[in-house]
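J.: Okay, handing you the structure first.
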Amino acid sequence: MVKSSDMEQKKPPSATDLGIDLAESLQDLMGDTGDVREQLGGFRIRIYHARAFPWSEVFKALLYRDFRVYVSRNKADIYIEASI
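Counting in my numbering, the sequence shown runs from 17 upward without gaps.
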């Protein structure tokens with residue numbers, strides 16, 4: 017017999033949880049829709065699939081940790097740059 021607790025999937029830790037590595041959490045959150053690189057104490061995130069990208073969750077995670085967030089474009093590529 018399968019217990020209901022066995023059927024529940026473990027959710028990844030929230031990106032707003034201060035006890036976890038933010039870069040790792042962001043990468044897990046984005047999956048293959050984007051890529052995160054650490055840069056000068058902040059992050060540079062390249063968006064691969066804009067329609068599938070979890071925009072609100074990524075912005076929430078960065079803003080909750082008091083990052084300044086900028087969105088830029090280089091040719092056809094969209095980037096999120098986050099700095100303290």
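Even for Gly, the Cβ is constructed at its ideal location relative to N, Cα and C.
A quick note: this is a predicted structure, and the numbers were derived from the prediction, not measured.
Within its chain, find whatever has a CB closer than 7 Å to the CB of Asp93; leave out the 5 residues flanking it on each side and keep chain order.
T.: Once the five neighbours on either side are set aside, the close Cβ partners of Asp93 are Arg62.
J.: Let's see if you can read the secondary structure: which residues bound the beta strand (DSSP E) around Phe75?
T.: No beta strand (DSSP E) contains Phe75, which is instead part of the alpha helix (DSSP H) from 71 to 80.
J.: With a CB to CB cut of under 6 Å and the five nearest residues on each side skipped, what residues in its chain are close to Ser99?
T.: Closer than 6 Å at Cβ, skipping near neighbours: Gly58, Arg84.
J.: Please confirm whether Glu73 and Leu56 have their CB atoms less than 8 Å apart.
T.: For Glu73 and Leu56, no; Cβs fall outside 8 Å.
J.: Take Ser41 as the anchor and find which of Ala68, Val87, Ala66, Lys76 has the nearest alpha-carbon.
T.: Closest option to Ser41, Cα to Cα, is Lys76.
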